[in-house]
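Numbering (our numbering), first residue to last: 11 to 753. Just so you know, even glycine gets a beta-carbon here, dropped at the ideal spot from N, CA and C. Here the structure comes first, spelled out in C-alpha cells, and everything after it is commentary.
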DNA sequence: GCCTAGCCCATTTTT
DNA sequence: TGGGCTAGGC
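Pasting the structure below:
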C-alpha cells in the first residue's frame, strides 16, 4: 500500500517526517485530516510503531470516530480498537489499540485508572457547566455572599479561566490578595469552597479533567513515566484551540521523547474566550526549537473566489502567521450578497434560494448550511423554514442533555454510580415531589458539612438531625429508593436500557409527567423515553458497556456529534459549530456590525480579531457557493435596530461579489410581504400602499405591525393614525411612511 | 411545602 | 424575547 499516493509534496513531508516535534500549519481545507490519518498509518506500517503507543487528540468525539475509522481503513480495524460486524457496522473495543479521543475524554479515561491517587474515587462524576454553576451557587450561598454582587455564572467563569491557566485556588488567592479587586478576593474564597465541594463529591468539572491530569503527572513521577512510555507518539489536531492546561499536558507527555505532531491554523483559532491560547501555535517553535514546520496552503475544498474572499478578510488580522490559500479548481460562482428589509426577509431569501437550487437540480437542501453568530438567530430562521416546508436540522442550541427531565434522570444514574455526587443527589432529592423543601435540604447540607460526609450519607442519618418527623420520613423514603435502585443495578443483570427504565418507573418520574397531560409534559415524556434509546445505541456500539461508561460518554458529547443523523436536510448552526465541517453551499446570515462581529467585541481589537477568524472559518466551510446576507432592520430581544453592514463584508473585494438584493421587485416590497404572511407564504408583489383602508393591518419597518384607525387629508398628503402593537399609536404621512399592507 | 404571578434580568461563542 | 428567580399567598 502506498500511503503517499495522491498526496502533494507538503502533505507527504508531514506524513513521513521522522524525528522531533512537527508543526503542520494547515490552512482550511488543505487536507490536514488526511495528513494526520496517513501519518498514523505510516507510523504503524512503515516504522513499526505499535498502535498501543499512539495517542491522537481531536476536537470532537465525532472527529475522533471519523479518524479511527479512516485509520482503520488504512491499516486494519483491529489496530485502532474497532471490530466490524458482518453487516459492516463498527464496534469499539474498550481498551483496544490506539487512543483517538478529545482532550477531555482522554483525560477522563486516564483518570478512571488514576483518580484514586489524587484522593478521588475512580468512579468520579463529571460535572458539566450547568452542574458547576449550580455548585458555585451553593458555595456562594454557604459563604454568605450576595449572589447579586457575584453571580454564580460570573464566578464559575472566573474559576474556569483560572483552571485553564493552571492557577489553583491558593495561587488565585495569593494573587487576589496582592493586587486583586474585592471581587477577585471573593472569587478566591468561592474557588476554594468549590474545589472542596468537588472533591467531597468525587466530581471533576470539565476543566478538572485536564487540570487533575496535569496534577497527577506533576505529583507522581511513576505515573508520568508510565503514560509517557505508553504514548510514545502524540498527535494533536486543532492545536490553535488548545489552552494552557492542554499545552502543559502535552508538554509533560512529550518533553522527553519529542514525538509530537501538532496540526493547526492560527487563523482558525476561535475559542480564545474559553481559554484557548493562540500563542500555543504562534510560539510553538520557540518552545520546541527543534521543531520542523510544514505549511499546507493548497486548498482542496473551495473555489478560488471563496478563497480570495476569505484571504482578503483574514489579511486584516495582525496576529497571524501569513499564509495564502490557493486552489486550482477555478474561480467558480461569484459570492452572492443579499440585503433584506428585515430579518424575516433575509430568512425568506435563504429558504427560497435553497429551494431554487434544489429545483434547478444543482444542490439539494442537504448540501446547504446556514451559519449564524448566536443561537438566538436560529428561531426565526426556523419559523420561515417551517412555513415553507423546507426540511432542516438545527445543530446545537438547547442540547438534549441539558433538558431538565434528562438531567433529572441522569442525576439518578449518577447518584447510583457515585453516591458522593452531591449536586446530583440534591437535584433529585425532591424530584418528583416528595415533600422535601428548601429548609430540609439546608439542614441536611449543614449536617453533611459538620460530619464531613456526602449529602446522601447525611440523608441516611436524617434521624440524627432535628428535623420534624414528616421530613425524616420523606428523606428516609428517598434514601430507600436510591438503595433499591443501586441494589438492582449492582446485580449486573440489567441492560443499560433496563436500568434507565427502572429509574423512571421506580421513581414514578414518567408516571408523574404523564399525569400532567399537557403538551409540554408530553414532549418531556418523549425526551425521557429517548434516553432509553440512547442507552440502547450505546450498548450496540459497545456491547460490554457499563453504566459509568454510558454516563461518561453522555457528559462529553458535543454539538457536532448529533450531525448527520437522519435524512439529509438544510443544516442550521452557529459558526463555532461549523468548525471542521464543509458544505457545498453556505449561507452566512446577519452580516451586520454588532451582530457579526458581535457588539461585545467591537471595542476590543483582540476580540475583534477572533471574530474575524470566526468569519474566516465560516467562509472557508463553503465548497462552491457562498452567500453573505444581512438586513436593514433587525429585531433582536424585542428591540429593532438598523445595523451597518458588517465590516467583514466590506473587507471582501467587491469584484468577487454579486449583489442580489434587487431580486423580485425590490427589497422592501418583498420583505414586508413575507413578514406579514402568517399561515401561508406567498410572494405579495401586488400590495399597493395606495389601497389602504381603515381597519387594515400594516407593517412598518421600525414600528412593527399595526392597525389603521383613521385616514385623513387630500390625495398626495394623506395621513394615517395607526395603532402599533409594540410602539403605541402614531400619526404618519403616507407619502413618506414605508407602510405595507399585510392583510 | 408548594404554586404562581409577576418581576426582573440580561442577552456570545462551549469541550 | 423569554427564561429564571423571588416574593407572596395558599
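One alpha carbon belongs to residue 129, the other to residue 308, and they sit about 50 Å apart. One thing to note: residue 295 has its Cβ within 8 Å of the Cβ of residue 33. Taking C-beta separations shorter than 7 Å and ignoring five residues to either side along the sequence, the partners of residue 482 in its chain run 472, 473, following chain order.
For the pair residue 606 and residue 620, the CB atoms are not nearer than the 8 Å cut-off. The stretch 396 to 406 makes contact with the stretch 581 to 589; the number of CB pairs closer than 8 Å reaches 3 or more. With 16 or more other Cβ atoms inside 10 Å of its own Cβ, residue 439 counts as buried. The DSSP-derived three-state label of residue 42 is helix. Residue 324 carries a helical assignment under DSSP once its states are collapsed to helix, strand and coil. With a threshold of 16 other beta carbon atoms within 10 Å, residue 313 meets it and is buried.
Scanning the stretch 344 to 370 for uninterrupted alpha helix (DSSP H) segments of 4 residues or longer gives 353 to 369, listed from N- to C-terminal end. 8 Å or more divides the Cβ of residue 172 from the Cβ of residue 202. In the DSSP assignment, residue 651 falls within the unbroken beta strand (DSSP E) covering 649 to 651. Going by DSSP, residue 109 is part of the beta strand (DSSP E) stretching over 109 to 112. Taking 8 Å as the cut-off, the beta carbon of residue 444 is found closer than this to the beta carbon of residue 484. Here the stretch 638 to 650 makes contact with the stretch 349 to 362; the two share three or more CB pairs at distances below 8 Å. For residue 361, the closest alpha carbon among the candidates 395, 381, 372, 345 is that of 395.
Counting every other CB atom within 10 Å of its CB across the protein chains shown gives residue 595 a total of 16 or more, marking it as buried. A distance below 6 Å between beta-carbons, with the five flanking residues on each side excluded, links residue 617 to the following residues of its chain, in chain order: 611. For residue 475, no alpha helix (DSSP H) encloses it, and the DSSP letter there is neither H nor E.
Counting along the chain, residue 306 sits inside the beta strand (DSSP E) bounded by residues 302 to 306.
The Cβ atoms of residue 226 and residue 366 lie no closer than 8 Å to each other. Counting only unbroken stretches of 4 or more residues, the alpha helix (DSSP H) elements lying wholly within the stretch 441 to 488 are 448 to 461, 465 to 470, in sequence order. The beta carbon of residue 166 lies closer than 6 Å to those of 142, 143, 146 in the same chain, with the five residues before and after it left out. Within the same chain, 113, 246 come within 6 Å of residue 67 by CB-CB distance, once the 5 residues on both sides are set aside.
Of all alpha-carbon atoms in 363, 37, 425, 264, the one lying nearest the alpha-carbon of residue 400 is that of 363. Closest option to residue 375, judged by alpha-carbon separation, among 593, 57, 16: 593. The continuous beta strand (DSSP E) containing residue 274 extends over residues 270 to 274. Out of 109, 138, 71, the CA that lies nearest to the CA of residue 417 is found in 138.
Taking 4 residues as the minimum length, the alpha helix (DSSP H) runs contained wholly in the stretch 483 to 560 are 506 to 516, 519 to 526, 529 to 551, in order along the chain. Shortest Cα-Cα distance from residue 379 to any of 259, 12, 589 involves 589.
Cα atoms of residue 77 and residue 609: separation of roughly 37 Å, rounded to the nearest angstrom.
For residue 52, the CB contacts under 7 Å within the same chain, skipping 5 residues up- and downstream, are 13, 25, 26 in chain order.
The beta carbon of residue 230 sits closer than 7 Å to those of 127, all from its chain and outside the five residues before and after it, given in chain order.
Less than 8 Å separates the beta-carbon of residue 64 from that of residue 243. In the three-state scheme derived from DSSP, where H, G and I count as helix and E and B as strand, residue 47 is classed as helix. Within the model, the alpha-carbon separation for residue 670 versus residue 635 is close to 14 Å.
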